[in-house]
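Note that the protein sequences, when read in sequence, are chains B and W.
All letters in the first sequence, in the order written, are residues 1499 to 1624 by our numbering.
All letters in the second sequence, in the order written, are residues 1499 to 1624 by our numbering.
There are 2 protein chains.
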Amino acid sequence: MHQISDDGLLAANATFYDALERGDFESMKRTWAHDGDVMCAHPGRVSVWGWPDVSESWRLIFESGGNPQIIITDERVVRRGSMGWVTVTENLISGGHTGAASAVNLFEYRDDHWMMVGHHAGAVIA
Amino acid sequence: MHQISDDGLLAANATFYDALERGDFESMKRTWAHDGDVMCAHPGRVSVWGWPDVSESWRLIFESGGNPQIIITDERVVRRGSMGWVTVTENLISGGHTGAASAVNLFEYRDDHWMMVGHHAGAVIA
């Protein structure tokens, strides 16, 4: 689906943020590799590890509702063979409140897809 | 120096934290690939990009002094060919104060070395 190129990698990254913004758990699940060694760090928290725990962390976030609008800036993409990562600033807008996080999203190309294998986000202090 | 294995990758990660803990800028410089696309996010800040800016960010941190003691926990390593990453919790102790950060360190194996190509850290909220 997403070709092995910067454009394909950026498209996979956009799909991730679309799922996040819409609070779409099924789409989020399709974004990730369901591996034992995927990792995810939400702002302010320690990393969780392995698909069961990563998946559960997203389920709880989506369940809590109040999906913010997310404006991505400072997007930078790096590709090394079948691995790639995208660094972004996530600008969050929710109910008149704003905030920002810095994130890096790690992807692996396999079976003609860029699959997310890592997401690491930290709050930016204004 | 560091063989292409999990052990070699963990050794490179340990060298990074040794340089950080000692505030050793020369050792920190040797840890990194001096590429235009390396990235680094310090806790609370947006990412910086490219070796000149990444290098400068470390110089300023080391210049400010007060190097904390760093106890690494929750260390997890993933390797995909010549790419690898290590997720950790950084437990920081400085002058009786403690804090923690979640980090992912991204390395690329080339010229018989694991070179750091990314460091992304975010504060953990107690």
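We treat Cβ as the ideally placed atom computed from N, Cα and C, and that holds for glycine.
Here the structure is a predicted model, which means the values were calculated and not measured.
> Does the beta carbon of W/Ala1510 sit closer than 9 Å to a beta carbon anywhere in chain B?
Replying inline: Not one chain B Cβ lies under 9 Å of W/Ala1510.
> According to the Cβ coordinates, are B/Gly1542 and W/Val1622 closer than 9 Å?
Replying inline: yes
> Quick one: any contact between the segment 1544–1560 of chain B and the segment 1576–1591 of chain B, if contact means 3 or more CB pairs under 8 Å?
Replying inline: no
> Shorter than 9 Å from the beta carbon of B/Pro1541 to some beta carbon of chain W?
Replying inline: Taking CB atoms only, B/Pro1541 has a neighbour in chain W less than 9 Å away.
> Which whole-angstrom value describes the C-beta separation of B/Phe1514 and B/Met1614, a residue pair presumed to lie in contact below a C-beta threshold of 8 Å?
Replying inline: 6 Å
> Straight-line CA distance for B/Ala1544 to B/Ile1591?
Replying inline: The question names Ala, yet the displayed sequence has Val at residue 1544 of chain B. Computed Cα separation, rounded: 24 Å.
>> Does the CB of B/His1532 have a neighbour CB from chain W at under 9 Å?
In response: No Cβ of chain W is located within less than 9 Å of the beta carbon of B/His1532.
>> Report the start-end ranges of each alpha helix (DSSP H) in the segment 1527–1610 of chain W that is 4 residues or longer and not cut off at the edges.
In response: The alpha helix (DSSP H) runs lying completely inside the segment 1527–1610 of chain W and spanning 4 residues or more are 1549–1561, given in chain order.
> Who are the Cβ neighbours of B/Ile1502 in its own chain at under 6 Å, not counting the five residues just before and after it?
Replying inline: Tyr1607
>> What would DSSP say about W/Ala1624, mapped onto helix, strand or coil?
In response: coil
> Thinking just about the alpha-carbon of each residue, which of B/Val1586, B/Asp1516 and B/Ala1510 is nearest to the one in B/Ala1531?
Replying inline: B/Ala1510
> When you compare each of B/Arg1574, B/Asp1535, B/Gly1620 and B/Gly1548 to B/Ala1601 by their alpha carbons, which one comes out closest?
Replying inline: B/Gly1620
> CA-CA distance, W/Ser1525 and B/Ser1525?
Replying inline: 43 Å
> For the segment 1599–1618 of chain W, which residues have a CB atom closer than 9 Å to at least one CB atom of chain B, in sequence order?
Replying inline: Those residues of the segment 1599–1618 of chain W that come within reach of chain B (Cβ to Cβ, closer than 9 Å) are Ala1599, Ser1600, Ala1601, Val1602, Leu1604, Glu1606, Val1615, Gly1616 and His1618.
> Is it true that the CB of B/Thr1585 sits closer than 9 Å to the CB of W/Met1537?
Replying inline: yes
> Hey, B/Trp1547 and W/Arg1574: beta-carbon distance below 9 Å or not?
Replying inline: Taking the C-beta atoms as reference points, W/Arg1574 is found nearer than 9 Å to B/Trp1547.
>> Can you pull out the residues from the segment 1561–1574 of chain W whose beta carbon lies closer than 8 Å to at least one beta carbon of chain B?
In response: Asp1572 and Arg1574
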